[in-house]
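There are 2 protein chains.
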Amino acid sequence: MKKTDLPEIAGGGLIARRSFLASGLLFATAAPALARTVDPGNATIVDGRPDWMTQPGGDGVAYGLPSPHEAHVVRHAIPYMDESVGFAPWHTPIAAQQGIITPNGLHFAVHHNGLPDIDPEVHELIIHGLVDRPLRFTMDELLRYPIVSSIRFLECAGNTAANALSFTPLNFSVDVISGQVSGAEWAGVRVADLLNESGVKPGGKWVIAEGADAGSLTRSLPLSKLMDDAIIALYQNGERLRPAQGYPVRLFVPGWEGNTNIKWLHRLELTDVPAFTRDESGLYSEPRSDGTIEHFTFPMGVKSVITHPSGLQTLPEKKGFYEISGLAWSGHGRIARVDISADEGKTWARADLDQTPMDKALVRFSLPWRWDGKPTTLLSRATDEIGNIQPTRKEWKSHYAAHAHNHYNAIQSWRIKKDGEVENVYG
Amino acid sequence: MKKTDLPEIAGGGLIARRSFLASGLLFATAAPALARTVDPGNATIVDGRPDWMTQPGGDGVAYGLPSPHEAHVVRHAIPYMDESVGFAPWHTPIAAQQGIITPNGLHFAVHHNGLPDIDPEVHELIIHGLVDRPLRFTMDELLRYPIVSSIRFLECAGNTAANALSFTPLNFSVDVISGQVSGAEWAGVRVADLLNESGVKPGGKWVIAEGADAGSLTRSLPLSKLMDDAIIALYQNGERLRPAQGYPVRLFVPGWEGNTNIKWLHRLELTDVPAFTRDESGLYSEPRSDGTIEHFTFPMGVKSVITHPSGLQTLPEKKGFYEISGLAWSGHGRIARVDISADEGKTWARADLDQTPMDKALVRFSLPWRWDGKPTTLLSRATDEIGNIQPTRKEWKSHYAAHAHNHYNAIQSWRIKKDGEVENVYG
């Protein structure tokens, strides 16, 4: 069957992986005639070879870094944030990522008062308040407890705020719009193990977690979640936390909004009621369209975003084959499915999920697409294992006040223009 | 129940996780009286706080690095390798690792002729030989194919050669003895997808893979494995390959000895028979005790090693509780179980496995241990899903010639001396 005749599984050119792969040459070009079979001594042809095939290479290094040819792949400080807000969000370049793990050097980070340089020999974690025994832990003591690890996503409550706030869609990259989400393997001590040691008095229902930076970000969290799957995180992707991720120790609360994962964690205080700290009464509460305020809205909603192709990219050729690929996640559990539309939402096809979806972790989804060269809009819509479905922007906006900007998880629409340029639009 | 009375599940002080965690205070110390509940404005107590709690922190960076306090956690160039061999192995500091992902900067690496600096705009991958259509791919073309990702281990065929070769056990760290193994998420294009495009002529049974460094490491691999689960790897842990891992492209052959995962991959040649290259006829073949040679011994055997406690460490206190923890893997599939002995192999207890074991990936195992302060030996023994069991050193040595040093997967014995020092011994 000719490539142009492959059957669609949904409108706009979405096709099944099997027929895509069976459709003959895609992107390769014919190689020059190479009749030579390998010489067992493998040292024959030298003429015409580049320097790196003929001269010994350079020295190794004790701690490796990316290739200088990839120096453009860095975190982005977002351009539209008002400096006076007093914190700097660094976004992961998710358009340059594949798989579900973000390298530590590119993990998104939001600092409310800069990066503290904490001496791990001095820093302590204290557990106090409504406990039977107030306890304190040096870092060396914490490291002696059983360490557990899980691959999880982490997302800032304010991720994709640009789409929530701006009345007209801003022509930014996916990194800038939605790069406050990353994936990593987090390892540390179960909070439950430490609270079982301190004991919790009958009235203890909330835990107030405070960071040791000068911003001392402070959040109140229900005890039940901390006893369920929260950890005192000491490691990220196999090495101790980076400074921007809370070195030497942070709270990690799987699936919950980023700011509750208190960095540079200093103390956990057991109380009977939440503290209504500045951070939770102000920035991290959400005004609704009915005039009320949502407090303590912890889990991040089911969400997906296509990263290839995405904003500010240009499709290299017309009427060509492309692999649509992106990331999905849910703070409520595993992703069950992701659907893609290539015809502005009229029809949808179920995307392939790469690897088995893990609990509260990123999932990579993909589907082959044959672009016919006409303008269209690409959308993705995730569903999680408990049945939450990603809303449209209109649905999301109807629930929240006009100036609400946290927990924005609406479907992302990417407009494919006639010239192949990709642009952020509202569906 | 008192901590000292906890029942053993095997000799030498191995105890069940549940009784360990229920045994009261382990490593915490009493906290000073802290009656204060949190101030919602969280800006109350300043006196006595360290600088980092009272002064704004430093700037973020576009590409993050580890804390300066962790500057000692680096790859080790192994001290016993003869410089004249012409390559430098860099070992992962596995004793400093938790979880199953190795950060890219610490992934082990062996270079046979230094680190080439390859221009990704010039480099091409060529598929030729017994194919219907010889093909070539620029890196940009490869990046347009469907990308798949999996978390896998990678191990050098020569990992733990020190224990294979030395008649007396060398007193090294686990990093130096067994640090040529790492775990990462590898992403790239299925080799099968590209070979389906080139077509394979009926006689094509082997694939000769050659690297583009001046060492041009070359291996012959059976077509069946490449069609099964091998990928043309472009990404590692979410970013493009590091130079030491083959930037811009390497072959990744899950579970097979490290050197077959050809770095800086330049060409794949389909042939009817293996090429018996220098690399596979010499260094990467194994002399047996019966005088014959094993060629093409690709999968890495089932293996485990305790990383905490391990060689050159010292247990901080006598008669104390410790978490035994380590890594296990098998080139044949998933790890089914890991058993630990704390009494020199007389009795064994099944270790806890952290996370669900993945195919050809590292698994973290652990078990609580109450050391009674007497000298003893700790051992771990892994079993994979098809029933392979890690051999004893004696069993391993009986199969191979005295100077064999590849594919050493025997049980590692760590001697715990009276003063708490940990030493490499042969069990």
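First to last, the protein sequences are chains A and E. Each residue of the first sequence is one higher than the one before, starting from 115 at the first, in my numbering. Each residue of the second sequence is one higher than the one before, starting from 115 at the first, in my numbering. In this text, a Cβ means the ideal position worked out from N, Cα and C, and glycines have one as well.
Would you mind stating whether residue i and residue j have Cβ atoms separated by less than 8 Å?
| i | j | result |
| --- | --- | --- |
| alanine 442 of chain A | isoleucine 454 of chain A | no |
| isoleucine 232 of chain A | tyrosine 361 of chain A | yes |
| alanine 344 of chain A | leucine 355 of chain A | no |
| lysine 339 of chain A | valine 295 of chain A | no |
| asparagine 277 of chain A | glycine 415 of chain A | no |
| leucine 139 of chain E | isoleucine 129 of chain E | no |
| isoleucine 407 of chain E | serine 418 of chain E | no |
| isoleucine 438 of chain A | isoleucine 420 of chain A | yes |
| aspartate 548 of chain A | leucine 135 of chain E | Since the first and last residues shown for chain A are 115 and 541, residue 548 of chain A lies out of range. |
| aspartate 457 of chain E | threonine 490 of chain E | yes |
| phenylalanine 286 of chain A | asparagine 538 of chain A | yes |
| leucine 229 of chain E | proline 357 of chain E | yes |
| leucine 335 of chain E | alanine 326 of chain E | no |
| tryptophan 204 of chain A | glycine 174 of chain E | yes |
| histidine 446 of chain E | aspartate 393 of chain E | no |
| arginine 507 of chain A | isoleucine 525 of chain A | yes |
| isoleucine 241 of chain E | alanine 145 of chain A | yes |
| tryptophan 462 of chain A | alanine 124 of chain A | yes |
| valine 536 of chain E | threonine 428 of chain E | yes |
| serine 263 of chain A | alanine 298 of chain A | no |
| proline 182 of chain E | asparagine 351 of chain A | no |
I want to verify the contact list: residues of chain A whose CB lies under 8 Å from the CB of residue i, in sequence order.
| i | result |
| --- | --- |
| histidine 225 of chain E | Gly171 and Gly174 |
Output, in chain order, the set of chain E residues within a Cβ distance shorter than 8 Å of residue i.
| i | result |
| --- | --- |
| alanine 465 of chain A | The contacting residues do not exist; alanine 465 of chain A stays about 12 Å from chain E at best. |
| alanine 328 of chain A | Trp166, Met167, Thr168, Gln169, Pro170 and Gly171 |
| serine 264 of chain A | Gln469 |
| leucine 429 of chain A | Simply none; closest approach about 10 Å. |
| tyrosine 576 of chain A | This structure leaves residue 576 of chain A out entirely; chain A is present only between 115 and 541. |
Let me confirm a value: residue i is counted as buried when at least 16 other C-beta atoms fall within 10 Å, else exposed. Which label applies?
| i | result |
| --- | --- |
| aspartate 486 of chain E | exposed |
| arginine 402 of chain E | exposed |
| lysine 377 of chain A | buried |
| isoleucine 215 of chain A | buried |
| arginine 150 of chain E | Its pLDDT being 45, under 50, arginine 150 of chain E is placed unreliably by the model, and nothing is read from it. |
| isoleucine 500 of chain A | exposed |
| aspartate 545 of chain E | Residue 545 of chain E cannot be examined here, being either before or after the span of chain E that is shown, 115 to 541. |
| glutamine 169 of chain E | exposed |
| histidine 517 of chain E | exposed |
| glycine 155 of chain E | Only weak support exists for where glycine 155 of chain E lies, its pLDDT of 43 falling under 50; the coordinates are left without a value. |
| valine 152 of chain A | Because the pLDDT at valine 152 of chain A is just 45, under 50, the model does not fix this residue reliably, and the point stays unresolved. |
| lysine 488 of chain A | exposed |
| proline 430 of chain A | exposed |
| proline 164 of chain A | exposed |
DSSP puts residue i in a beta bridge; with which residues?
| i | result |
| --- | --- |
| serine 296 of chain E | E:Leu268 |
| tyrosine 436 of chain E | E:Trp483 |
| valine 303 of chain E | E:Ile346 |
| threonine 490 of chain E | E:Ile530 |
| glycine 172 of chain A | E:Leu229 |
| threonine 336 of chain E | The sequence as given places proline at residue 336 of chain E; threonine does not occur at that position. Proline 336 of chain E pairs with E:Trp320. |
| tyrosine 514 of chain E | E:Arg402 |
| glycine 325 of chain E | E:Leu379 |
| leucine 87 of chain A | Outside the displayed range of chain A (115 to 541) lies residue 87 of chain A, so it cannot be described from this structure. |
| alanine 465 of chain E | Bridge partners of alanine 465 of chain E: none, in fact. |
| asparagine 538 of chain E | E:Trp528 |
| isoleucine 503 of chain E | E:Thr497 |
| isoleucine 191 of chain A | Per the sequence shown, the amino acid found at residue 191 of chain A is alanine instead of isoleucine. Beta-bridge pairing links alanine 191 of chain A to A:Trp204. |
Starting from residue i, find everything on chain A with Cβ-Cβ shorter than 9 Å and list it in chain order.
| i | result |
| --- | --- |
| asparagine 273 of chain E | Within chain A, no residue comes near asparagine 273 of chain E; the closest Cβ sits about 17 Å away, beyond 9 Å. |
| serine 181 of chain E | Asp231, Ile232, Pro234, Arg354, Leu355, Arg356, Pro357, Tyr361 and Pro362 |
| lysine 124 of chain E | It should be pointed out that residue 124 of chain E corresponds to alanine in this sequence rather than to lysine. Residues of chain A passing the Cβ test: none, with the nearest at roughly 18 Å. |
Going along chain E, which residues have a C-beta under 7 Å from residue i?
| i | result |
| --- | --- |
| tyrosine 349 of chain A | Gln212 and Gly213 |
| alanine 450 of chain A | Within 7 Å Cβ-Cβ: nothing; alanine 450 of chain A doesn't reach chain E, min ~18 Å. |
| leucine 135 of chain A | Asp307 and Asn310 |
| phenylalanine 267 of chain A | Here the premise fails: no neighbours, minimum Cβ distance about 12 Å. |
Anything in chain A within Cβ reach of residue i, meaning under 7 Å, just list it in chain order.
| i | result |
| --- | --- |
| threonine 216 of chain E | Gly352 |
| leucine 139 of chain E | Glu311 |
Just to confirm, does residue i get its C-beta within under 7 Å of one of the non-hydrogen atoms of the ligand ATP?
| i | result |
| --- | --- |
| aspartate 307 of chain A | With respect to the ligand ATP, the structure offers nothing, as it holds no ligand at all. |
What are the uninterrupted segments assigned as alpha helix (DSSP H) that are 4 or more residues long and contained completely in the stretch 341–422 of chain A, given in chain order? 392–395
Minimum length 4: unbroken alpha helix (DSSP H) runs contained in the stretch 201–285 of chain A: 253–256 and 275–279
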